[in-house]
Amino acid sequence: MSGYLMKAAGAEAEACIDWRQGYLEPGEYVDADLGWSIMPAGDLGDPVIACQSFDDRASHARVRSGVPGRFYMLCARAATNTGRMLERAIVLRIAA
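Going by our numbering, the letters in the sequence shown line up with residues 12 to 107, in that order.
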């Protein structure tokens with residue numbers, strides 16, 4: 012996935028971070044999902060994480076809602092089998 016995700020306010024969209032693309036070292040794999048977050052958050056209509064999952068190489072999240080025309084930062088965090096903590100952020104845009 013690129014560093015940019017656009018979705019309609021009334022639709023759900025899937026975000027996926029493939030940690031193999033520049034984050035995992037040889038022999039390393041994702042051992043724990045440390046969660047997703049959206050910033051800013053808390054205002055009426057802001058997007059929310061509907062569900063999230065992970066496997067040994069990627070983190071996935073379903074995002075719903077959002078205020079049309081606004082931009083948000085969507086962050087994923089994971090821990091590896093070697094104890095490293097990974098974090099990646101992508102821009103989330105809600106189509107106007």
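Glycine included, every Cβ here is placed at the ideal spot set by N, Cα and C.
query                                                                                                                                                                         : result
Going by DSSP, what residue range makes up the beta strand (DSSP E) through residue 35?                                                                                       : First-last for residue 35: undefined, no H or E at that position.
Closer than 7 Å by C-beta to residue 89: which residues in its own chain qualify, once you throw out the five before and the five after it? Chain order, please.              : 30, 41, 43, 44, 45, 65, 70, 97
Which one or two residues does DSSP pair with residue 74 in a beta bridge?                                                                                                    : 24, 60
Could you confirm whether any beta carbon from chain D is found closer than 8 Å to the beta carbon of residue 53?                                                             : Absent from the structure is chain D; it holds one protein chain and no more.
Given a cut-off of 8 Å, decide if residue 68 and residue 82 are closer than it, judged by their beta-carbon atoms.                                                            : no
Taking the straight line between their C-alpha atoms, what separation do you get for residue 39 and residue 28?                                                               : 16 Å
For residue 16, I'd like the list of residues in its chain whose CB is within less than 8 Å of its CB, leaving aside the five on either flank, ordered along the chain.       : 24, 26, 74, 85, 101, 102, 103, 104
Excluding the five sequence neighbours on either side, which residues of its own chain have a C-beta within less than 7 Å of the C-beta of residue 21, listed in chain order? : none
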